[in-house]
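Chains as they are written, first to last, in the numbering used here: chain A, 185 to 300; chain B, 258 to 372.
Where a beta carbon is used, it is the ideal one built from N, C-alpha and C, also for glycine.
All values reported here derive from a predicted model rather than from experimental measurement.
What follows is a set of notes on a single structure, which appears directly below.
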Amino acid sequence: EPEVTQTPSHQVTQMGQEVILRCVPISNHLYFYWYRQILGQKVEFLVSFYNNEISEKSEIFDDQFSVERPDGSNFTLKIRSTKLEDSAMYFCASTPWGEGANEKLFFGSGTQLSVL
Amino acid sequence: AQKITQTQPGMFVQEKEAVTLDCTYDTSDPSYGLFWYKQPSSGEMIFLIYQGSYDQQNATEGRYSLNFQKARKSANLVISASQLGDSAMYFCAMREGRGTDKLIFGTGTRLQVFP
């Protein structure tokens with residue numbers, strides 16, 4: 185079965201540094217998402233992306249965050265200046281269609297971000 | 258108020274037995290979708306089952322079934338014939354209404370299957 189691929193699986197960075205988390209969604213999918221999960225807490229929505237623009241974002245997704253689909257296959261999440269509280273597992277997800285209530289979100293394996 | 262509530266932080270079940278993981282939700286929107294995901298220790302999120310608010314029948318996917326009680330706003334996951342590989346975190350989630358992309362997750366239930 186096709187899958188969403190995320191790299192790296194683990195990223196360690198110093199506070200204040202920029203990080204880019206990379207994702208390759210399933211090739212014929214149109215909607216892309218980032219979620220995060222702080223250790224021991226629930227999974228939280230960050231942002232959704234369709235047709236080369238953000239379609240929805242949460243209050244977590246502030247000016248420090250940005251997303252991009254630079255080349256038609258990769259989907260990236262950039263954190264401009266990382267904070268300790270950005271340490272979390274970041275999940276990329278994709279789906280062939282959006283809105284409506286019945287699409288299945290395909291998640292990647294996640295990138296564990298550790299900010300020191 | 259929590260949109261998705263999973264009241265069981267941990268559950269134990271013996272292999273080959275059935276287990277029910279509870280989920281209640283809160284929404285005033287008539288159109289919504291309910292999902293269950295499995296997260297094994299390796300960390301990935303695996304889709305298990307989906308139930309739409311207008312679906313007349315309870316969803317089933319192999320050994321997984323969703324006990325959807327709309328009036329009670331509950332969407333419990335039933336796993337039949339538990340296997341050792343079912344040991345994982347299980348998350349209930351909701352997409353609330355139309356015009357939104359996001360899933361709202363519960364806090365999860367850790368299921369341990371023992372021989």
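query = At a CB-CB cut-off below 8 Å, which residues of chain A make contact with residue 321/B?
reply = Result: empty, since nearest Cβ-Cβ is about 13 Å, beyond 8 Å.
query = Going by C-alpha distance, which of 263/A, 239/A, 242/A and 258/A is nearest residue 301/A?
reply = Not covered by the structure: residue 301/A. The range shown for chain A is 185 to 300.
inquiry  = Counting C-beta neighbours from all protein chains within 10 Å, is the total for residue 311/B 16 or more, i.e. buried, or is it exposed?
reply    = exposed
task = Below 7 Å CB to CB, which residues in the same chain sit around residue 299/A once its five sequence neighbours on both sides are set aside?
result = If we look at residue 299/A and ignore the five residues flanking it on each side, its Cβ neighbours are 197, 199, 266, 267, 268, 270 and 271.
ask   = Hey, quick one: how far does the beta strand (DSSP E) through residue 365/B stretch, first residue to last?
value = Run containing residue 365/B: none; DSSP gives neither H nor E here.
key: Given 8 Å, three or more beta-carbon pairs between the segment 330-347 of chain B and the segment 266-282 of chain B   = yes
request  = Tell me, please, whether the CB atom of residue 274/A is closer than 8 Å to any CB atom in chain B?
outcome  = no
key: Euclidean distance between Cα positions of residue 190/A and residue 364/B   = 24 Å
query = Cα-Cα, which of 193/A, 204/A and 195/A is closest to residue 254/A?
reply = 204/A
query = What is the rounded straight-line gap between the Cα of residue 300/B and the Cα of residue 227/A?
reply = 12 Å
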